[in-house]
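Everything below concerns the one structure shown next.
There are 4 protein chains.
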Amino acid sequence: MGHKIPVAVVGATGLAGQQFLAALARHPVFEVAKLAASSRSAGKSYQDAIREASGQVKWYASGSLDSRMASLVVEEASALDVSGMGAVFSALESEPARELEPRYAAHAPVISTASAYRYEADVPILIPGVNLDHAKLIEVQRQNRGWKGFITPNPNCTTTGLAITLAPLHERFGVKRVFMTSMQACSGAGRSPGVIGLDIIDNVIPYIAKEEEKVEKETRKILGTLDGAGIKPASFVVSCTCTRVPVLEGHTEAVFVELGQPATEEEIKGAWREFGAAVAARRYPSSPEHLIHVHEDPFRPQPRLDRDNEDGMATTVGRLRRDEALTNGWKYLLVSHNTKMGAAKGALLVAEYLAEKGYIG
Amino acid sequence: MGHKIPVAVVGATGLAGQQFLAALARHPVFEVAKLAASSRSAGKSYQDAIREASGQVKWYASGSLDSRMASLVVEEASALDVSGMGAVFSALESEPARELEPRYAAHAPVISTASAYRYEADVPILIPGVNLDHAKLIEVQRQNRGWKGFITPNPNCTTTGLAITLAPLHERFGVKRVFMTSMQACSGAGRSPGVIGLDIIDNVIPYIAKEEEKVEKETRKILGTLDGAGIKPASFVVSCTCTRVPVLEGHTEAVFVELGQPATEEEIKGAWREFGAAVAARRYPSSPEHLIHVHEDPFRPQPRLDRDNEDGMATTVGRLRRDEALTNGWKYLLVSHNTKMGAAKGALLVAEYLAEKGYIG
Amino acid sequence: MGHKIPVAVVGATGLAGQQFLAALARHPVFEVAKLAASSRSAGKSYQDAIREASGQVKWYASGSLDSRMASLVVEEASALDVSGMGAVFSALESEPARELEPRYAAHAPVISTASAYRYEADVPILIPGVNLDHAKLIEVQRQNRGWKGFITPNPNCTTTGLAITLAPLHERFGVKRVFMTSMQACSGAGRSPGVIGLDIIDNVIPYIAKEEEKVEKETRKILGTLDGAGIKPASFVVSCTCTRVPVLEGHTEAVFVELGQPATEEEIKGAWREFGAAVAARRYPSSPEHLIHVHEDPFRPQPRLDRDNEDGMATTVGRLRRDEALTNGWKYLLVSHNTKMGAAKGALLVAEYLAEKGYIG
Amino acid sequence: MGHKIPVAVVGATGLAGQQFLAALARHPVFEVAKLAASSRSAGKSYQDAIREASGQVKWYASGSLDSRMASLVVEEASALDVSGMGAVFSALESEPARELEPRYAAHAPVISTASAYRYEADVPILIPGVNLDHAKLIEVQRQNRGWKGFITPNPNCTTTGLAITLAPLHERFGVKRVFMTSMQACSGAGRSPGVIGLDIIDNVIPYIAKEEEKVEKETRKILGTLDGAGIKPASFVVSCTCTRVPVLEGHTEAVFVELGQPATEEEIKGAWREFGAAVAARRYPSSPEHLIHVHEDPFRPQPRLDRDNEDGMATTVGRLRRDEALTNGWKYLLVSHNTKMGAAKGALLVAEYLAEKGYIG
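What follows is the structure, given as structure tokens:
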């Protein structure tokens, strides 16, 4: 285990937990020391914990399960001792996260894909390259709550690509108004049971409970400004319609945006191409070379062809064109890998940054 | 054949042509007397004309192919004599339509699913229940062009559901601005080859050539006002993003609309429910009972579950809710059967109306 | 309720239970008087019982839910009083069926889609048109067990099409050996959760637990001969490989069969076409016109195009051709609707027969 | 270009041609010097040649198109001068292959994925690790035909996995009889147009023209024995049913096999695991580490999870179990990547072997 930082993965058996394990296999900075999940899995080896009654091992992350992790014994999340852990990666469902994450945060930093604490005033929702200055809220949070550690949640997987592509537009031209329709992948619903074949084959499901509200709120918080002991949300309004389509991985989003001032197509593409240099260019182990890929082919981005760009850490945009229904209006589509940059690997990139800055380790 | 009106179907072998044949089987008013297609099919029985080199009969409409039609010999579209035909149903591609439809219109009414003449000043794009008053342009068209017949094209299949659901809103509250993202079915691309499996399985294709411009332009023309020798387009702006999803039939559209005045949820639903009474309520053989079905279940409409409502002639809406990014803003989703109301059966309903009014027959 | 026979549907909330309700809506002989399911559903209206936590009503049968049934209050299956019921339709899972079906059978006939009692010596597995003479075992069963009622289970949904297509071959030419590979629809796995999208999109799952053994055993029992107090299984051997494919409804099966004597293609097709006349030809409310449809087009049968033949009650065969690896060998494919003839509607057809013969009512 | 062997790829724009280009990018032994296709593509850069009328670039191989190849100008296949080429990789359709491959073979070795010459007496169908001794026929072929080069075709993509998995069984235990049902991926039908979405979504197509005959004949030739100036086919009989399923890549095959003598499960698995050592173990640039992967998990192999094992060059088997309908009968399933080991990359592996043996270069 040498000089790596020992970490725990909680909620390890779900889809997001599996993505954490896949992303942490052979990681140069962190080493998985503990796995935890619900009482149903506790006491079993990880491999047995993800085996269904039918005997099928349910492993959904790309690549095969690391053999060392496969044999780690899963602990019960509610009884997990995280002292000694450099960080806790939480892939818990919202309800257990609300109860357990503060218990962990009392002792160690918690990087979470759960929504439970996203909307608290002293909790930043960090996206590398977008708003890492919000990390300063961590100190406020520690003082407010008397914790040794802290909680930094990831955004919802649908927020991630939207916030990343809006960030450079907001910075340079100001964003006034956003309309977004998502076509989300099945993996976003997890695996217990997630979206069943009978519902999604040859179909579109026009509703994902609570999703639209999350995206609308989180995008404004992420692009907001640090304001003393909290974050002042960005002043623009976001309006979403979130749907589910028969796609395995990769959320597609159709965006209509009103900017605060005129911009040319080349200025917008330039802003995207240059965005995130501070964390991209492979600066951290999980960094992509470019946060945003800009496609000129009108038939792109496509989720099957673009979700794995830079191992799922790049957001791909295309079809940028003027929108005539808005002043300074533009339209584009984006594809973002919902279980990589949009979940575990995105959280890991945050942790890599926080480790470098001394918040973790 | 008795007292039915004899009609020709041109472009009969394609997907839209097949839908015409399916809709015209056992029709109480019209009887298919002639079938025409390209030279490749000419001289063959219809059944042989839709048989591929592999031997597979390619019939995509619901129900089985009518045996009488199966044995009709297909004529070459460019040599078709339409004198004696009460109407010509044209499912030609745009380019041959541009050349051939005027030749037919010189002798007989042409009801077309092709886009070739949709944007000409003296050509109405009719949707039953929405703008049948535009049929008065037919006289202008006849005089302008010296035709015995005329051309009335159907809207693009993606326009249909949008125009139908906007019409009652425009009538009662005024529409100011529309943003729409479509998730379109594979059948919209036809069968030669249409969308191939390798492109669409586990994927979304973010672009359909020329589709967005058509929807933006047609919606305003359809909801425009008859103005002497032409149509004054509705003054609102429509902005679209059109995508293709792994769905067989039924276009789903996510709509954001700004109204000209305040409305309540109940007023909007009421407007939808009452809309189109003049042609609905089974007034014509192809009429649905209600042009618009309003769903209260937030998980509806779904294309697989709702496309066949009223045999594909109803547009189903759901998820009506306020949009906070627009003044008097509302959001909803709709599902419309793209090859039934959105194509051949929609054209047939127009023809049924025109027959009643004496334009046909 | 008039003179209809009152029946209970147990396991009513699952996929097979829903198919029972769909099949029993407006049935001329039976009337649903009671609905039962697990304690989780007990006390709720049926409509509420099939509503998920997310709010989505999970109704998978074709057509919409009958409004009278929607408002029936679901009783707890373990406490259900079936006295007064003319029959009980059981769509229970195997384990609760083992416990509860005998309790019901003490008072009333139980027609079941569960496998629990299929392999007991005094229990016939009835398929209308195939082995209704096995119904005579019902008397033996009643005597053995001291029941007022009895249990007659349906075969597994994969057995149904195989047994129906082998029956006339066995009768006329003798079946010696059968190899079958199935490509089964997702609906066969039910809805709790059934097959999830992440597992089945762009995939084939090569294993369905216990399925092959069931098909191998049941086919021989169904085509066996009544022998005093039991059934002597047919002497041929059946070897199966059962897989799951991304299809919503309709099992496809590729069959290789060795016959006991030479046959011509026309003799085999003739045997299929004439088969089942005693129950087909719409003799019962749920009868198809023909039990078996024979296709000459080599591209048929296809599950999407053929599953709904005769409202899911016909088995469609095609691609009959000689097999060179077997003496008197033949190959063919079949499609059978797994949740209609292969489950609830098939069970209902059995009940219609048993009612006519005085076993029910 | 240095010391690499210059090669031409003919039929370069189709799916198999694209797979050749993907496999040859950065290849250590071969360098693509010429590209050829039909007259429709001739004179265009490769990138333009695979751009459709709609503007969409149709590139289906994994990875992106090599930029040097993208700008190569495509020549007309019928006018291609192959002198100076160390080898010609042909991905032509069967008909042009019959005409053009002999013209190329007069001057250079032709490694082909086309079926045109597979069944000629002096033409071997080579699979590395299975029957490379058949390469000796090349000399016979050259003498017979007076060619400087020769033709060695790959087997049909469905034959490949079957022949590879039967080879070690035939060698050790003797194969007597084979029944195989395939569930084939859409990519097997190519891209012009291949399988269209309207045909394959939510469906199985039970017939692939000429496929079964090819597999039945090729398997016996490949596992046959070199016999003077020809190959004596293996004496067993193969009976197939070939179907198409909604899977992008990777053919799944359910096999029932009768062996000539008793074998244990461990003996069979051992034979598979050890098979092909002479070409596997990464001996050639395109070699997998193991030709055959044996899975113990009954839910494997699955095409989506196993097609890319060893970059598509391994055949994965699973579910080995006894078959009770055959003497010494066994059943198993296999997954093989149809456009990699089953097509271009398999052909490339043959070429790597032939280059080492001095037949090429």
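Residue numbers (this note's numbering), protein chains in the order written: chain A, 1 to 361; chain B, 362 to 722; chain C, 723 to 1083; chain D, 1084 to 1444. Beta carbons: idealized from backbone N, C-alpha and C, even for Gly.
Residue i in three-state terms, based on DSSP
i                : result
E1301 of chain D : helix
P1192 of chain D : strand
W330 of chain A  : strand
M183 of chain A  : strand
A801 of chain C  : helix
A271 of chain A  : helix
V796 of chain C  : strand
L620 of chain B  : strand
G707 of chain B  : helix
V1223 of chain D : helix
R98 of chain A   : helix
M702 of chain B  : coil
R1005 of chain C : coil
I927 of chain C  : strand
R244 of chain A  : strand
Spatial neighbours of residue i in its chain, beta-carbon cut-off 6 Å, leaving aside the 5 residues before and after
i                : result
A1317 of chain D : R1303, L1306, G1307
R1201 of chain D : I1208, P1236
7 Å Cβ cut-off: residues of chain B touching residue i
i               : result
P109 of chain A : Within chain B, no residue comes near P109 of chain A; the closest Cβ sits about 35 Å away, beyond 7 Å.
F179 of chain A : F540, F617, A686
D722 of chain C : Missing from the structure shown is residue 722 of chain C; chain C here goes from 723 to 1083 and no further.
Check: residue i C-beta below 7 Å from any heavy atom of the ligand ATP
i              : result
G63 of chain A : By its list of ligands, the structure shown contains no ligand whatsoever, and the ligand ATP lies outside what it can speak to.
Beta-bridge pairing of residue i - partner residues as DSSP gives them
i                : result
H293 of chain A  : A:T316
S1322 of chain D : D:F1262
D1310 of chain D : D:G1313
K34 of chain A   : A:A8
T152 of chain A  : A:I111
V810 of chain C  : C:A730, C:V832
T974 of chain C  : C:M905, C:V1057
I196 of chain A  : C:I918
S767 of chain C  : C:V795
V779 of chain C  : C:R773
Proximal residues of chain B, C-beta to C-beta of residue i below 9 Å
i               : result
Q302 of chain A : D560, N564, V565, I566, P567
V247 of chain A : D563, N564, V565, V606, P607
Best match in the options for proximity to residue i [C-alpha to C-alpha]
i                : options                        : result
R387 of chain B  : B:P664, B:P646, B:N670         : B:P646
E1296 of chain D : C:V960, C:E1046, C:R1004       : C:E1046
A716 of chain B  : B:E437, B:A422, B:L426, B:G447 : B:G447
A445 of chain B  : B:T700, B:P607, B:I366         : For clarity, residue 445 of chain B is Gly in the given sequence; the question names Ala instead. Considering only alpha carbons, the answer is B:I366.
F958 of chain C  : C:G765, C:A1002, C:A885        : C:A885
Q663 of chain B  : B:A546, B:E460, B:Q502, B:A550 : B:A546
I205 of chain A  : B:K692, B:F660, B:Q417         : B:F660
Cβ shell of residue i (< 7 Å), same chain only, five flanking positions each side left out
i               : result
A819 of chain C : S812, S834, A836, A838
Where residue i meets chain A, residues with beta-carbon distance less than 8 Å
i               : result
K692 of chain B : S239, T241
T613 of chain B : V204, P206, T243
Under 7 Å by beta carbon: chain C residues contacting residue i
i                : result
G1401 of chain D : P928
Chain-ordered chain D contacts of residue i [CB-CB under 9 Å]
i               : result
C547 of chain B : I1279, G1280, L1281, I1284
Spatial neighbours of residue i in its chain, beta-carbon cut-off 8 Å, leaving aside the 5 residues before and after
i               : result
G785 of chain C : A744, A747
Chain-ordered neighbours of residue i on chain B, where CB pairs are closer than 8 Å
i                : result
Y1143 of chain D : L559
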